[in-house]
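**Student:** In my numbering, the protein residues as written are 1 to 414. After the structure tokens below, expect a handful of questions from me.
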Amino acid sequence: MHPVLQNLLFIPILFCLIFTANAQNSTITDTVFLKKIMKTGSKDLKKILDNPEKYRVQIIYTQINRDKNKNLSLKHFAYRNRPEEYFYPASTVKLAASLHAIEKINSLSQNGVFKDTKIGFDGSCKCFSELKKDSLTSDSIPTIENYILKALVLSDNESYNRIYDFIGQRYLNQRLWELGYSNARIVNKFISCDSLDNSCTNGFVFFNKDNDTLFSQLPEYNSINFSPPFHDMKIGKQFKQGKTILDEPHDFSSANSMPLSYTHDMLIRLIYPQLYKQEEQFCIKEKDREFLKKCLSAKPSETEIPKFQNKEKYWNTYTNYLYYGWDKKAIINENIKIYNIVGLSYGFSVDCAYITDTTKGVEFFLSTVIYTNEDEILNNDKYEYKTVAMPFLKNLGRLIYNYELSRDAWSKEK
């Protein structure tokens, strides 16, 4: 049990069995293959292989095999899988937050509350304001459904912040630990808040169509002090604070933490829940699972949100790093569908994806993180995303996709 969990009081909102699960259901059995195949790839891949510690790169690749009865089995491969080597997860925490928001919504159904029910937030917490309307949606009605849509399709930070307030800091982390993600920690909103302000989550009210209250929750303050999950959470050599360059690494000990294997596993649990015991699955309905899958695979142009129809700013492969990189003019392969979550901050580029091509019988999971910060100064917005990270991610995704194309039928259907 996580040391902090011992101090947590039981939260009445819990609706699933309490259990401890293995956060990575199947063990990574191969740590050689990915290095071998990357040596056959482009110069962008070989450059990273020459100095993997500098780029803090980690890769997890999961093959999906079926027998003659179509029963699924997985085989996991890794390159530099370092669960205790900290990286800043950035927006990849939005997947966990969205999953647990759906779980909490389902626990309120007896109150007539669903993910498309109107919600309003008060402004009790210092760093986040009251909200009664959603300016980004066509009908201006704020709902958890719309917040999840915006958080997952366009990685919208304000939507994530509202989801964070709805779940509550204490419950969000307790649920992660119950699922076996013992080194996960989501303790920050994506807005300028200190640790104390992040511990405060605004109260909210759900309304019916006549604006009568269906359910309300008062503001919450989490008094539990979350200890750092890792011993060393310092990155870089210098850190920019305001206009000053501090001659010291940036300390992430009070920041969010989500090891790559955790997000990789969450995606597998979502796509193929049948591979897990019932008590290890997320407490979501099938229609919720399909909704989340739709959000993870939707193109910006497929949403009805006016702001996101700007194709110059939100092009259709905007968050598909693993295959398209940052190429606004990329020719889209319509046969390929990508379900993924990405993160980009402090020099870290992260993409956790489930990639399919039903016309070729291809499907696989691929997750990676790479750090590109040549001057080792954090928070100065000078990172090699375009020149190093995105070419690496694009070519890695295509390398694995092409390898999957070459796999013999017998290796997929043993």
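All residues carry an ideal CB built from backbone N, CA and C; glycine is no exception.
List the residues that DSSP assigns as beta-bridge partners of Arg170.
**Tutor:** For Arg170, which the question treats as bridged, DSSP gives no partner whatsoever.
**Student:** By the DSSP assignment, the alpha helix (DSSP H) with Tyr323 in it spans what residues?
**Tutor:** Where Tyr323 is concerned, the enclosing alpha helix (DSSP H) stretches over 321–324.
**Student:** How many angstroms separate the CA atom of Lys414 from the CA atom of Asn69?
**Tutor:** For Lys414, the predicted structure reports a pLDDT of 48, less than 50, and the residue's modelled location is therefore unreliable. A value from the coordinates is still provided. Answer to the nearest angstrom: the Cα atoms are 10 Å apart.
**Student:** Measure the Cβ-Cβ separation of Phe364 and Ile48 and say whether it is below 9 Å.
**Tutor:** No. Outside cutoff.
**Student:** Per the contact definition of three or more C-beta pairs closer than 8 Å, is the segment 297–311 in contact with the segment 217–225?
**Tutor:** No, the segment 217–225 does not touch the segment 297–311.
**Student:** Which value, in whole angstroms, describes the spacing of the CA atoms of Ile13 and Asn65?
**Tutor:** Low confidence applies here, because Ile13 scores a pLDDT of 39, under 50, leaving its location unreliable; read the following figure in that light. If I take the Cα positions, the gap works out to 38 Å.
**Student:** Please work out which residues of its chain come closer than 7 Å, Cβ to Cβ, to Leu149, disregarding the five sequence neighbours upstream and downstream, and give them in chain order.
**Tutor:** Within the same chain, Leu149 has close Cβ partners Cys295, Thr303.
**Student:** Return the first residue and the last residue of the alpha helix (DSSP H) that Cys295 is part of.
**Tutor:** Note, Cys295: alpha helix (DSSP H), 286–297.
**Student:** Do you know offhand how far Lys329's Cα is from Asp122's?
**Tutor:** Distance between the alpha carbons of Lys329 and Asp122 is about 42 Å.
**Student:** Quick one: using the 10 Å Cβ neighbour count with 16 as the cut-off for buried, is Leu109 buried or exposed?
**Tutor:** The amino acid at residue 109 is misidentified as Leu; the sequence shows Ser. The residue in question, Ser109, is exposed, as its Cβ has fewer than 16 Cβ neighbours within 10 Å.
**Student:** I'd like to check one pair, Val350 with Pro142: are the Cβ atoms closer than 9 Å?
**Tutor:** For Pro142 and Val350, no; Cβs fall outside 9 Å.
**Student:** Indicate whether Gly347 and Gly242 have their beta-carbon atoms separated by less than 9 Å.
**Tutor:** Against a cut-off of 9 Å, the Cβ pair of Gly242 and Gly347 comes out as no contact.
**Student:** Do you know offhand how far Pro249's Cα is from Lys189's?
**Tutor:** Whole-angstrom Cα-Cα distance: 22 Å.
**Student:** Compute the distance between the beta-carbons of Ile331 and Asp357, then report whether it is under 9 Å.
**Tutor:** Not in contact: Ile331 and Asp357 (Cβ atoms no closer than 9 Å).
**Student:** Check for me: the beta strand (DSSP E) holding Arg398 runs from which residue to which?
**Tutor:** Not the beta strand (DSSP E): Arg398 falls in the alpha helix (DSSP H), residues 390–406.
**Student:** Look at the Cβ atom of Lys234, then the Cβ atom of Ser253, and state whether they are nearer than 9 Å.
**Tutor:** For Lys234 and Ser253, yes; Cβs fall inside 9 Å.
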